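**Student:**
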Amino acid sequence: MNIKPLADRVLILPAPAEEKTVGGIIIPDTAKEKPLKGEVVAVGQGTKDEEMILKVGDTVLYGKYGGTALEFEGKEYLVMRQSDVVAVLG
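If you read the sequence shown in the numbering used here, its first letter stands for residue 1, the second for the next number, and so on.
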């Protein structure tokens, strides 16, 4: 990975949105719910006030409007602060 988040930020690869159909009608990508789960693919070093507790490979839950969308090498990622992550799935 060529992206290295700074300070207390993490780079997350969101889980793919689930395909849903309603009575045989396929819901377009623009109407799909944004996934709230993803995998941490890169982490910063933390700050002097906040230790980095997330690590690469963690599956996490985050807020619906958390993070900044980023496209890199054809994939969509989210960059957010560690404090925007709600939970780590174990």
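Note that beta-carbon positions come from the ideal geometry of N, C-alpha and C, so glycine has one too.
Model, not experiment: these values are computed from the prediction.
Output needed for K75: all residues of its chain with C-beta closer than 8 Å, excluding positions within five of it in sequence on either side, in chain order.
**Tutor:** For the purposes of this step, residue 75 is taken as residue 75 along the sequence shown, with counting starting at 1. Correct list, in chain order: L13.
**Student:** How would you write the range of the beta strand (DSSP E) that Y65 sits in, first residue to last?
**Tutor:** One-based indexing of the sequence shown puts residue 65 at position 65. Counting along the chain, Y65 falls outside any beta strand (DSSP E), and DSSP gives it neither H nor E.
**Student:** Counting pairs of Cβ atoms below 8 Å between the stretch 82–90 and the stretch 50–61, do you hit three or more?
**Tutor:** Touching, yes.
**Student:** Could you tell me the distance, in whole angstroms, from the CA atom of A42 to the CA atom of T68?
**Tutor:** Position 42 of the sequence shown holds residue 42. Position 68 of the sequence shown holds residue 68. Distance between the alpha carbons of A42 and T68: 15 Å.
**Student:** For F72, collect the residues of the same chain with a Cβ closer than 7 Å to its Cβ; drop the 5 residues on either side in sequence, then sort them by chain order.
**Tutor:** Residue 72 sits at position 72 when you count from the first residue of the sequence shown. Same-chain partners within the cutoff: I3.
**Student:** Below 7 Å CB to CB, which residues in the same chain sit around V86 once its five sequence neighbours on both sides are set aside?
**Tutor:** Counted from its first residue, the sequence shown places residue 86 at position 86. For V86, where only same-chain residues beyond five positions count, the Cβ hits under 7 Å are L61, Y62 and G63.
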